[in-house]
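Numbering (the working numbering), first residue to last: 77 to 153.
This is the structure in structure tokens:
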């Protein structure tokens, strides 16, 4: 979970995508073998008076959409 107070949905999505790209492009190794690491994430912006549980449910649903769309991507709710 990454919380970005006072950040618009588009800006938060861009931050998440930059992080995704950095992780994808970072050479990870396990026992001297290169391992590809990717990130799928869901991003959502809280709505006025929205319960925290609802925000997490929407973000989680966006994460599953990212995975279903082929992984290694960011989806906004």
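C-beta: ideal position from N, C-alpha, C; glycine also.
Owing to the predicted nature of the structure, the values given are computational and were not obtained by experimental measurement.
Residue(s) in a DSSP beta bridge with residue i
| i | result |
| --- | --- |
| residue 104 | 111 |
| residue 118 | 151 |
Close-in-space but distant-in-sequence residues of the same chain around residue i (CB under 8 Å, 5 per side omitted)
| i | result |
| --- | --- |
| residue 113 | 99, 100, 102, 104 |
| residue 125 | none |
| residue 148 | 96, 100, 114, 115, 116 |
Span of the beta strand (DSSP E), counted from its first residue to its last, around residue i
| i | result |
| --- | --- |
| residue 152 | 150-152 |
Cβ-Cβ separation, residue j to residue i (assumed contact under 8 Å), whole Å
| i | j | result |
| --- | --- | --- |
| residue 85 | residue 152 | 6 Å |
Residues of its chain near residue i, where Cβ-Cβ distance is below 7 Å and the 5 sequence neighbours each way are ignored
| i | result |
| --- | --- |
| residue 150 | 89, 92, 93, 96, 117, 119, 142 |
| residue 111 | 104, 105 |
Nearest neighbour of residue i, chosen from the options [CA to CA]
| i | options | result |
| --- | --- | --- |
| residue 122 | 115, 111, 135 | 135 |
| residue 144 | 111, 82, 77, 115 | 115 |
The alpha helix (DSSP H) enclosing residue i, as first and last residue numbers
| i | result |
| --- | --- |
| residue 139 | 128-144 |
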